[in-house]
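For reference, the structure discussed in these notes is given below.
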Amino acid sequence: MQKLLEQDRIIIDLSECKLVEHGFLEQIYHFAYWNKLNDGRMEIQGLKNHRPLSRHPLSTLRLPPRPTSKQKKPFLELNERQLDIQAIAAVNNARLETHLTYDGVVLQGFHFAQGYEIRYRENKFMKFHGSNTLEFSDVFLSKGLRMGEQNRKVSVFLVTVMDQALPDFKLSPENLVDKVWQSVGYEDIDFEGHPDFSERFKLMGEAKEAIRYLFQAGLVAKLEADAPPNLQIEACQNRLIFHQNPQLLSRVEIEDQLLFIEDFLDLVQAKETLDDVVIRYE
Numbered sequence: 469m470q471k472l473l474e475q476d477r478i479i480i481d482l483s484e485c486k487l488v489e490h491g492f493l494e495q496i497y498h499f500a501y502w503n504k505l506n507d508g509r510m511e512i513q514g515l516k517n518h519r520p521l522s523r524h525p526l527s528t529l530r531l532p533p534r535p536t537s538k539q540k541k542p543f544l545e546l547n548e549r550q551l552d553i554q555a556i557a558a559v560n561n562a563r564l565e566t567h568l569t570y571d572g573v574v575l576q577g578f579h580f581a582q583g584y585e586i587r588y589r590e591n592k593f594m595k596f597h598g599s600n601t602l603e604f605s606d607v608f609l610s611k612g613l614r615m616g617e618q619n620r621k622v623s624v625f626l627v628t629v630m631d632q633a634l635p636d637f638k639l640s641p642e643n644l645v646d647k648v649w650q651s652v653g654y655e656d657i658d659f660e661g662h663p664d665f666s667e668r669f670k671l672m673g674e675a676k677e678a679i680r681y682l683f684q685a686g687l688v689a690k691l692e693a694d695a696p697p698n699l700q701i702e703a704c705q706n707r708l709i710f711h712q713n714p715q716l717l718s719r720v721e722i723e724d725q726l727l728f729i730e731d732f733l734d735l736v737q738a739k740e741t742l743d744d745v746v747i748r749y750e
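Quick note on this note's numbering: the sequence shown kicks off at 469 and runs consecutively.
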């Protein structure tokens with residue numbers, strides 16, 4: 469691979485490999501990292517039919533025997549999670565991409581992976597909402613000298629906002645440590661008319677006036693009423709990420725978060741008042 473031209477796109481097909489050891493995948497990752505190929509030009513295909521030998525996230529992958537003509541072939545040979553995500557993608561006129569992609573560069577600038585390296589993304593689908601794009605993916609994060617030391621997966625929605633300018637900000641649940649910091653003068657952005665929001669959420673950003681204008685009454689009311697548990701939102705360079713750190717979302721949670729994001733974008737665009745906001749969820 470060292471001889472490949474810098475601008476070439478590399479696709480590695482492992483569909484015929486009977487065993488795939490994660491040390492090999494780690495070497496591929498390091499090759500992509502050191503050769504700066506982590507912008508989507510290196511992709512691993514052919515692993516959707518492989519099954520782990522154990523529940524360990526870095527377990528060796530094994531290709532099961534192919535079914536005979538008398539055996540029923542699994543639907544698209546996807547695992548249970550991929551079937552759930554595919555169902556969501558189909559409802560939204562999107563196509564599920566199960567391939568591992570070393571394109572973590574698209575998430576640079578956000579703090580959700582602070583302390584971790586973004587190894588790869590998988591189980592992706594993208595849809596449009598107005599002129600904005602919403603992309604879902606499962607992100608594999610790792611830190612330490614070897615991938616096996618500390619790792620986790622988190623589901624992320626990446627939203628590219630095209631219809632207006634957004635200030636950079638970070639919204640997260642407010643915890644006890646945050647309240648202690650506030651007691652000694654470290655302030656976040658609160659809203660006098662919404663004590664519940666100010667109590668539950670920590671809203672940070674340098675452009676405070678622009679952030680206050682963005683979080684008008686309708687959007688604040690939506691967050692108070694319908695924000696999914698542990699929701700975190702970051703805005704950076706007119707892109708947003710939504711995640712419920714640190715976990716993979718279930719099918720129901722993905723569907724609920726997708727509806728919430730669409731409502732969030734509608735309220736941002738419309739700048740509705742409190743009387744105009746429509747709450748979808750019961």
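Using N, Cα and C, we set each Cβ at its ideal position, and we do this for glycine too.
Bear in mind that the values here come from a model prediction, so they are computed numbers and not experimental data.
When C-alpha distances from Leu708 are compared across Leu639, Pro533, Leu727, the shortest belongs to Leu639.
Asn600 is positioned such that its CB atom lies no closer than 7 Å to that of Ser610.
Segment contact: the segment 620-629 against the segment 707-727, three or more CB-CB distances shorter than 8 Å; contact assigned. The three-state secondary structure of Ser718, taken from DSSP, is coil.
With respect to Phe637, Gly661 sits apart: the two C-beta atoms are not nearer than 7 Å. For Lys670, DSSP records a beta bridge to Ser640. In terms of Cβ geometry, Leu568 and Glu590 form a close pair [threshold 7 Å]. Out of Leu717, Leu716, Gln715, Asp694, the CA that lies nearest to the CA of Phe732 is found in Asp694. The beta carbon of Gly577 sits closer than 7 Å to those of Cys704, Gln705, all from its chain and outside the five residues before and after it, given in chain order.
Excluding the 5 residues flanking it on each side, Glu692 has same chain C-beta neighbours closer than 6 Å at Asp664, Phe665, in chain order. For Tyr570, the secondary structure class from DSSP, reduced to helix, strand or coil, is coil.
Closest in alpha carbon position to Met630, among Ser522, Val488, Leu602, is Leu602. By the Cβ neighbour-count rule, His579 is exposed, with fewer than 16 other Cβ atoms within 10 Å of its own.
Shortest Cα-Cα distance from Tyr584 to any of Phe593, Lys592, Val607 involves Val607. Boundaries of the beta strand (DSSP E) harbouring Tyr588: 585-597, taken from the DSSP string. According to DSSP, residue pairing for Asp606 in a beta bridge involves Glu590, Ser623. A distance below 6 Å between beta-carbons, with the five flanking residues on each side excluded, links Lys595 to the following residues of its chain, in chain order: Asn560, Ala562, Leu602. For the pair Glu730 and His597, the CB atoms are nearer than the 7 Å cut-off. Per DSSP, His662 has no beta-bridge partner at all. Nearest Cα to Leu564 within the set Gln632, Val573, Ile553, Arg668: Ile553. Assignment of Phe710 by DSSP, reduced to helix, strand and coil, places it in the strand class. According to DSSP, residue pairing for Lys676 in a beta bridge does not occur.
For Ala557, no beta strand (DSSP E) segment is defined; the enclosing uninterrupted segment is the alpha helix (DSSP H) at 548-559. Taking the C-beta atoms as reference points, Leu634 is found no nearer than 7 Å to Asp656. It is roughly 10 Å from the alpha-carbon of Gly491 to the alpha-carbon of Ser527. The three-state reading of DSSP puts Gln513 in strand, counting E and B together. Contact between Phe604 and Ile722 holds, with the beta-carbon distance rounding to 7 Å and staying under 8 Å.
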